[in-house]
Structure formats: structure tokens, C-alpha cells
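Student: Residue numbers for the sequence shown follow our numbering, beginning at -3 and rising by one. My structure is below; once you've seen it, I'll send some questions.
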Amino acid sequence: MKPQPLHSPNCTLIQRKVIMRRILFAAMILLVPAILLSAEKHDYEGGVPDGCTSVTAGKDATVDGSVITSHTCDSHRTRSWIDVQPGARHGRDATANLYKRTNVDSLAMPLYGHEPVGTIPQVEYTFGYLNTAYPCINEKQVAVGESTFGGRDTLKSDNGLIDCQRLCRLMMERATTAREAIRIADRLTAEYGWIDVGECLTISDKDEVWHFEIVGPGAGKKGAVWAAQRVPDDHVSINANASRIREINLENSDYFMASDNIYDVAEDFGWWKKGEKFEFCYAYAPESRHSIAGRRREWRALDLLAPSLNLDPTSENYPFSVKPDRKISVQDVIRVFQDYYEGTPYDMTRTLTVKGEDGEEVISPLANPFMPYDQLELDDIRGSWFHVSDEEGIRFLGERTIARWYTMYATIIQTRDYLPDDIGGLVWLALDNVATSVYIPVYCGGTDLPESYKKPGRPVGYSRDCAWWAFNRLGTLTAQRWGDMRHDVRDVWDPMQKELFDNQKDFEKKAAGIRDRKKRRKLLTDYTHKQGVRAVEKAWELGDHLWTKYDEKF
């Protein structure tokens, strides 16, 4: 039999083991130093970041002229609760408290603690914002998504005050445009220091969306290195835990920005020489371009939105952005986020088959794409993602799908220049695995969320008072008999989602007709409250229904 490439879905388990034996020694020597997981790295798997995907779109790439940014917060520790922080005025000597994330394992579930690291001067007025774990939109329609790409270990510095979650908060409190948010990030991280790993923030406003990629300046140093690239108005883009900015042209300030030290740091470390082609991702995060976990998602998202390009699923690089085959909607982004490669060679359920009623091989209803990593070997799941370490040797991780069972929340954010700010900024918010969830509308002019959305889910464990637990239970249960249960779930959520989209235009017209801002904001808040309560109640009801209907079948 002709040997199959390791990434091929036709590669048998025996062939994979033979191939891996041949490369194991070299992998131990070459790979491990570059990808060993330190205690400070959060939500890494297989030596690479394993949390968060962001899809973006310019205003001429969408059906309604909205700019889109988004975020699936895929994490094993991030908080579930969400609230609204109001705008506030501050005194002359006021300060802003800053924190860093730390792992906490002493409570009911793993979570992040937030350790104080210092303060910086506060501004006179801070804008109100939706306080997700990574604050995602403010009252001026500045919005942000996030995806960690890691970067070179030698860039990480503890000499500073600002991590990713705090930078998102500072941007939301202080910025009126995406470009201003980037300038704020530049100023604050230069003065107070970036203490996180490499991150991509996808920052939008009413007119445009940028990808802002930032890394540390080197161990013990204070500052940051960053580059930003704008998505063309008629294009879509993605970040999936890998740096994607390559060549930059700082003379074209309408599309590129960068820190003053962007070339110097790379040259000082020996990663680039004057006269050579400079590519940000290869200078500062080359290992991220080798991550199958990131590249497969990049391919899939771009292929779903622009299939005519016939992109190669095994490529190391894809265009930073592409023009979609047709203008996209929020529904299209939902479809991307719910994807797990069904119908492709990378669908992890494709080999879990049984004989159907007609005697032909069919995918078992018990097969699901959301298996914990330790189940993959048990079921001999074929995939391209693997990790090599001293402790475990070769560990296969299947395929890193876009939809994940450990998503805490997801946002798809529309920012629109043709509506008042409090209506124009709209967050479509889903909890837990988006493949079994529904998105509710949360307007940036809203002042509150239902109580269950503000209830912490991880510190105390399972609770009927917490919205996240309603969807976490539903997603976990649905995966146990995915082939059947997913249809029960979609039969409920799809009509509800369609109704919310169908009602959007009339509701927003009604809201825009209210001239009194306080009354308008109350209407927006009440609408979100109604839809949020409805979704949570239905999620609990659906879970109970599945327990009953499929008793003894999983």
C-alpha cells in the first residue's frame, strides 16, 4: 500500500505510527523547546494556543453595510458572567486598577483569578461598555474580538502592567474609533508595558475593521511590539490562533500601522536583517504559521465565504483577507462559527460508522465532533493535529474545529453608521458551544442584562441560576448522541433565530423613532432582557426534553 501523508484522512493508524516513529527523535529535539507549555500560558493545547476565533468583515462586504467583528471565547477557565458597565466621570487624581490572570484550581471548577499588578492614571470620562471577559463594545460603537497566537517565548515580559483583557477594557473605556483604540494601545503599552503573550485584537468601528497583533518586547523589557492591518471594505478576514500579518507598508497609513520598534526588536534578536523581506508573523510568531490547529480554521472560514477561490486546506498561508463570493450577513458568520468540517475529509465523525437499515455504512448517531482529547485515541480518530512532548510522546489531537465544546461565549458584533450609536452597535451573544446555542441581540445602548447572565458559573459549579450552565448542559448532552439530538436542538433554535433576525429591522425602526435617549435605552434593555430570559428558559427545557426522549440511548 502506498504510504499516505500524515495529514491525509486516509492515513491508517499503523501508517501514522510508523511515520511518527521516524520523526519522533527529531521532533523531540527540534519541537519541544519551541512549544513547551509554561504555567503562565493560558488555554494552550498541544503547545499552541487553543482558544478563540475571530471573523471580520468590511462594510461593503456585508448585506446591510454593517462592519463586523466577532469572537468565540474558547477557554477552559474564562468567566461566564457578563454585565454592562456604565459610563462614568472621574476625579483629577483617579486611577485605573490593572490585573493579570492567574490560574485558580481551588474552587468548584478551574478558572482565572485576577491579581492586582498596579494602577495607571484614569481619564476624565470612561465610556460605558458590555463587560464580557474581553470587553467587546462601547457606547461609541467601538468593538473588539480576540484570538491568542502566542509568539516567540523570548518575547514574553513580566515588566509591565497590561494584559489582554485589561487592554480590551482600556480601549472600550477610552476610544471613539478603531484607529484611536490602536493609538491608545500603542501609548499605554509603550509606557506601562505588555505582560501577555502574542494576541490579535480585531477592532472595529462604524466605518472599518483592523487586525491588531501585539507581542512583548523581550524578557525583562518594558513595552510592546505590534502591527495593525485594515481589512479592505469589501473583504472578510479571520484570525484563528495564528499571526496573519505578513509584509507591511507603513507608507500606506490607511491600511497599515506599527510600533516604532517593529524592525529594531526583530533585528536585535537576529530574526531579521536590513535588506531582507520583513514579515511580521515570521519575525515574531513563526511557530503559529506551522499550527494545523490555526491553519485549518483559516482555510475553512475563507472557503465557506469565498468557495470560488478553491483554497488548499493544507497551505501554510492564506490571503490576509478575501472578497466573499457574495455579500455576507450575520447568519453567514454564525454558519462559520458552528462549523466542524462536516462533509469534508477533516470531519472527525466520518470514520465512526455503523450499518444502517439498508446495510450501508452510515455515521453512527453516537459519533460527535466534540470529543474530549482523551477520547480521540480510544475511538482512533484520524486528524492532522498532534503534539510531541517528553511526558506523553506523540499525542494526537484530532482536528481543531471552529465550533468547540469549551466555548464560554461568542459574540458577532455589527457596527453601523446609519443608526444612532446606541442602536447601531449590536452584539449577537451566544453562550457555550455555538453549535447548540442561539444568539440574542444586545445593543450597546442597553443598560443591563438578565440576572442569569450576570451569575458566575465556574466558582460554585452547576447552578440553575446561571445562564451559561443552561447552555453548557445542553451542549454537553447533545454531544452524547449528536447524530439525533442536534436535530432536536436546531428544530428549536433555528426558528427562534430566524424570528430575531426578521424582527430586527422593525424593532430598530421603532427604537430610532424614540427621541428621548433614556426611553430609547430602556426599550433596548427590555428587548434584550425579554429575549435573554426566553433563550435561557428554552435551553433548560430543551435539556430536560433530551434527557427524557433519549433515555437509555446514550
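Positions of the beta carbon are idealized from the N, C-alpha and C atoms, including for glycine. Because the structure is a prediction, the values reported are computed rather than measured.
1) Where does tryptophan 489 fall in DSSP's three states?
2) Closest to aspartate 149 by C-alpha separation, out of Met105, Trp206, Tyr280, would be which residue?
3) Cβ atoms of valine 318 and leucine 298: under 8 angstroms apart, would you say?
4) With DSSP run on the structure shown, which of helix, strand or coil describes isoleucine 78?
5) Excluding the 5 residues flanking isoleucine 199 on each side, which residues of the same chain have their C-beta closer than 6 angstroms to its C-beta?
6) Helix, strand or coil: which one does DSSP assign to glutamine 118?
7) By alpha-carbon positions, which one of Gly379, Ser76, Ala262 ends up nearest to glutamate 346?
8) Output the distance between the C-alpha atoms of alanine 129 and glycine 479, rounded to the nearest integer angstrom.
9) If you run the structure through DSSP and keep just helix, strand and coil, what is cysteine 277?
10) Would you call the region 338 to 352 and the region 78 to 92 in contact, with 3 or more CB pairs under 8 angstroms?
11) To which residues does DSSP link tyrosine 402 through a beta bridge?
12) Determine, using beta-carbon pairs with one atom in the region 58 to 66 and one in the region 410 to 430, whether at least three such pairs fall under 8 angstroms.
13) Going straight from the alpha carbon of threonine 393 to that of threonine 340, what length do you get?
14) Check threonine 144 in the structure and name its three-state DSSP category.
15) Hey, is the region 429 to 444 in contact with the region 107 to 116, meaning 3+ C-beta pairs nearer than 8 angstroms?
16) With DSSP as the reference, label arginine 73 as helix, strand or coil.
17) Taking just the CA atoms, how far does leucine 473 sit from glycine 539?
18) Let me make sure I understand the geometry here. Which of Phe550, Gly47, Asp522 has the alpha-carbon closest to that of asparagine 235?
19) Using a Cβ-Cβ cut-off of 7 angstroms (strictly less than) and excluding sequence neighbours within five positions of glutamine 81, which residues of its own chain qualify?
20) In this structure, how does DSSP classify tryptophan 381 when only helix, strand and coil are distinguished?
21) Would you give the residue range spanned by the alpha helix (DSSP H) that cysteine 160 belongs to?
22) Taking Cβ to Cβ, would you say alanine 559 is nearer than 8 angstroms to arginine 285?
23) Please work out which residues of its chain come closer than 8 angstroms, Cβ to Cβ, to lysine 273, disregarding the five sequence neighbours upstream and downstream, and give them in chain order.
24) On a CA-only basis, which of Gly457, Ser255, Gly194 is nearest isoleucine 180? Give me that one, please.
Tutor: Taking the structure as given:
1) Counting from 1 along the sequence shown, the entry for residue 489 is found at position 493. Tryptophan 489 falls in the helix class under three-state DSSP.
2) In the sequence shown, counting from the first residue as 1, residue 149 sits at position 153. Distance from the Cα of aspartate 149 is smallest, within the candidate group Met105, Trp206, Tyr280, for Tyr280.
3) Within the sequence shown, the letter at position 302 stands for residue 298. Within the sequence shown, the letter at position 322 stands for residue 318. Cβ atoms of leucine 298 and valine 318: closer than 8 angstroms.
4) By 1-based counting over the sequence shown, the position of residue 78 is 82. In the three-state reduction of the DSSP assignment, isoleucine 78 falls in the coil class, being assigned neither a helical nor a strand state.
5) As a first step, residue 199 is located in the sequence shown; it is residue number 203 there, counting from the start. These residues qualify, in order along the chain: Val140, Ala174, Ala177, Trp206, Phe208.
6) Stepping through the sequence shown from its first residue, residue 118 is reached at position 122. The answer is coil: DSSP assigns glutamine 118 none of H, G, I, E or B.
7) For the purposes of this step, residue 346 is taken as residue 350 along the sequence shown, with counting starting at 1. The sequence given here places arginine at residue 346; glutamate does not occur at that position. The shortest Cα separation from arginine 346 among Gly379, Ser76, Ala262 belongs to Gly379.
8) Position 133 of the sequence shown holds residue 129. Position 483 of the sequence shown holds residue 479. Just so you know, the alpha carbons of alanine 129 and glycine 479 end up roughly 32 angstroms apart.
9) Residue numbering aside, residue 277 sits at position 281 when the sequence shown is read from its first letter. Reduced to three states, the DSSP call for cysteine 277 is helix.
10) Cβ pair count under 8 angstroms is below three, so no.
11) Start at 1 with the first residue of the sequence shown, and residue 402 comes out as number 406. The beta-bridge partner set that DSSP reports for tyrosine 402 is empty.
12) They touch, by the three-pair rule.
13) What you label residue 393 is simply residue 397 of the sequence shown in a count that begins at 1. What you label residue 340 is simply residue 344 of the sequence shown in a count that begins at 1. Reading off the sequence, residue 393 comes out as leucine, not threonine. Rounded to whole angstroms, leucine 393 to threonine 340 spans 17 angstroms at the Cα level.
14) Counting from one through the sequence shown, the residue named residue 144 turns up at place 148. Strand, per DSSP.
15) Contact between the region 429 to 444 and the region 107 to 116 is absent, with fewer than three C-beta pairs closer than 8 angstroms.
16) For the purposes of this step, residue 73 is taken as the residue at position 77 of the sequence shown. Arginine 73: coil per DSSP, three-state reduction.
17) In the sequence shown, the residue the question calls residue 539 occupies position 543. In the sequence shown, the residue the question calls residue 473 occupies position 477. Computed Cα separation, rounded: 7 angstroms.
18) The residue labelled residue 235 in the question sits at position 239 within the sequence shown. Among Phe550, Gly47, Asp522, the Cα nearest to that of asparagine 235 is on Gly47.
19) The count along the sequence shown starts at 1 and reaches residue 81 at position 85. So the qualifying residues of the chain are Gly124, Tyr125, Asn127.
20) By one-based count along the sequence shown, residue 381 stands at place 385. Note: tryptophan 381 maps to coil in three-state DSSP.
21) Here residue 160 refers to the residue found at position 164 of the sequence shown. Segment 160 to 170, the alpha helix (DSSP H) holding cysteine 160.
22) Residue 559 is absent from the structure shown; the chain starts at -3 and stops at 550.
23) The count along the sequence shown starts at 1 and reaches residue 273 at position 277. The residues are Glu243.
24) Locating residue 180 in the sequence shown gives position 184, where the first residue counts as 1. Residue Ser255 is the option with its Cα nearest to isoleucine 180.
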